Amino acid sequence: MTSERPRIVVTGMGAMTPLGQTPDAFWANLVAGKPGIGPMTLCDPTEYPCRIAGEVRDFDPTQYLDSKESRRMARFSQLAVAAGLTAVESAGLDISREDPYRVGVVLGNGNGGFPTLEDNCRVLAERGGMRMTPFFFPMVLPNMAAANVSRYLGAHGYNATATTACASSNQAIGQALDVIRRGAADVVLAGGTEAGISQLGLAGFAVMRALTTHNEEPEKASRPFDANRDGFVPSEGSAILVLESLEHALGRNAVIVGEIAGFGCTSDAGHLVQPEESGASAAEAMRLALLDAGVGLQEVDYINAHGTSTPLNDALETVAIKRLFGDRAYQIPISSTKSMIGHSLGASGSLEAVACLKTISEGVIHPTINYQVPDPECDFFSPWSFPTWPQPTLAGIWGLMAITLRPPRLALRQTRLSAKPWT
């Protein structure tokens, strides 16, 4: 790490979520502790043990796309284009005034167009393959969300998709960070999208026994760190951040939302789906993110946990946090966004990034709702509600691959003290 390395800031956000279709609406409902989980409507869940979901209800893609284009995109792409367009608008970014080859898109996605895949498999079985949609591949491939965002925005620069399950959008943001740092782009739209609520996806997780069965009270089904948690609630959504080098953002007088300060990535290299029991790999990812950011353990003010509400994840995530932070884990506020929106898989890290950035700008930490019966295996600070949070120096870590955030006031103050143009 060198002092000359470009600093990467966030200048805009877009979010399509079960709690609202703007970052402000999403945040207002998070702070209010309002659940966005209800009966599943995007597919028929009758034969499965989980029949609830966090859906982006009343989403109308034709508000963002013409009807012809909308029909040629799967829902995960529609959500991404909507989030991307609103992110660029919130950033005040006019891409027509930029070098289009220096504007990139990096998105995370886990399932691609599962519902479209399922529909066309049904057509194949019942009517034959020649009756499938000719847009099958452009609709189902995971990379098509990033491709469609770049098409709609005219962003000709670096384009990539991270498909690493629940870590996908965290990895996308980390990759975008590296792309700008090495000078390959001035601006990158980074985040994730997921819209995999389908019988195919539901069945796959059901046979793994990963899903909740608390169908009677959907709003209470997602219970991260609670002793009575029994699995995650499937969800969907998209969130995209506009990332820029600090120099580029200041050059166009952009409003800075926050700074992406560091990224860390590790692999358990073990079980196919079960987290590593010692917490060593997850702890190392957090350590690497803090090292990349030049931040010490004592400076971390908040952790937005992966917090899926599965018995195994929450317990082993607790192990990892305590492994890195030791006794200080009991003083750091920790909350789970998934308690209100469920688990959106490849989009989850980007939605939690928006929550963290709003935490910084508003000085409030959202609660972990449904945390009622403490679990001795998850014994750190994750209360139902928080008092107003003093303006932090850092809004720590979120997700499976650790990323650290700084507030905008710190980014600007440090630049003015150290960068030559300000002297």
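Under the working numbering, the first residue of the sequence shown is numbered 5, with each subsequent residue one higher. A virtual CB, placed ideally from N, CA and C, is assigned to each residue, including glycine. Computed from a predicted model, the values in this text were never measured in an experiment.
{"query": "Using only alpha-carbon positions, find the residue among E102, A324, S365 that is nearest to G255.", "result": "E102"}
{"query": "Return the chain-ordered ranges of every beta strand (DSSP E) run that is complete within the stretch 176-215 and spans a minimum of 3 residues.", "result": "191-198"}
{"query": "Could you check the C-alpha separation between T6 and R185 for me, to the nearest Å?", "result": "Here T6 scores only 47 on pLDDT, less than 50, and its place in the model is too uncertain to base an answer on."}
{"query": "G268 and R233: beta carbons closer than 9 Å?", "result": "no"}
{"query": "Have a look at E8, H218, S339, I56 and flag the residue whose alpha-carbon is nearest the alpha-carbon of P228.", "result": "S339"}
{"query": "When we look at the beta-carbon of T197 and count the other beta-carbons within 10 Å, is it buried (16 or more) or exposed?", "result": "buried"}
{"query": "So, helix, strand or coil for K424, using DSSP?", "result": "Because K424 sits at a pLDDT of 25, beneath the cut-off of 50, its placement in the model cannot be relied upon, and the point is left open."}
{"query": "Leaving out five residues before and five after I99 in sequence, what residues of the same chain have Cβ atoms less than 6 Å from its Cβ?", "result": "V107, L157, G158"}
{"query": "If you follow the beta strand (DSSP E) that A36 is in, where does it begin and where does it stop?", "result": "No beta strand (DSSP E) contains A36, which DSSP labels as neither H nor E."}
{"query": "Return the residue from the list A265, N317, P142, R61 that minimises the CA-CA distance to G298.", "result": "A265"}
{"query": "Buried or exposed: which applies to C125, given that a residue is buried once 16 or more other Cβ atoms fall within 10 Å of its Cβ?", "result": "exposed"}
{"query": "At what residue ranges does the stretch 89-162 contain a whole run of the alpha helix (DSSP H), taking only runs of 4 or more?", "result": "118-131, 140-144, 148-157"}
{"query": "Quick one: measure Cβ to Cβ for V144 and L121, integer angstroms, because I've assumed they're closer than 8 Å.", "result": "5 Å"}
{"query": "Is V14 close to chain B, meaning its C-beta is less than 9 Å from at least one C-beta of that chain?", "result": "Looking for chain B here will not work: only one protein chain is present."}
{"query": "When the distance is taken between beta carbons, is I260 closer than 9 Å to L193?", "result": "no"}
{"query": "Using C-beta distances below 6 Å, list every residue in its chain close to I12, excluding the 5 sequence neighbours before and after it, in chain order.", "result": "L181, I184, L247, I264"}
{"query": "Going along the chain, which residues of its own chain have a beta-carbon closer than 6 Å to the beta-carbon of P119, five neighbours each way excluded?", "result": "S202"}
{"query": "Within a Cβ cutoff of 8 Å, which residues of the same chain sit near Q179, ignoring the five residues on either side of it in sequence?", "result": "V110, A164, A166, A194"}
{"query": "Using 9 Å as the threshold, is the C-beta distance between P238 and G346 below it?", "result": "yes"}
{"query": "V377: buried (16+ other C-beta within 10 angstroms of its C-beta) or exposed?", "result": "exposed"}
{"query": "In the structure shown, what three-state DSSP assignment does P43 receive?", "result": "strand"}
{"query": "Quick check: what's the CA-CA separation for Y306 versus A287?", "result": "15 Å"}
{"query": "Residue range of the beta strand (DSSP E) that M17 falls in?", "result": "12-20"}
{"query": "With distance defined between alpha-carbon atoms, name the residue in S226, A359, I325, Y334 nearest to G42.", "result": "S226"}
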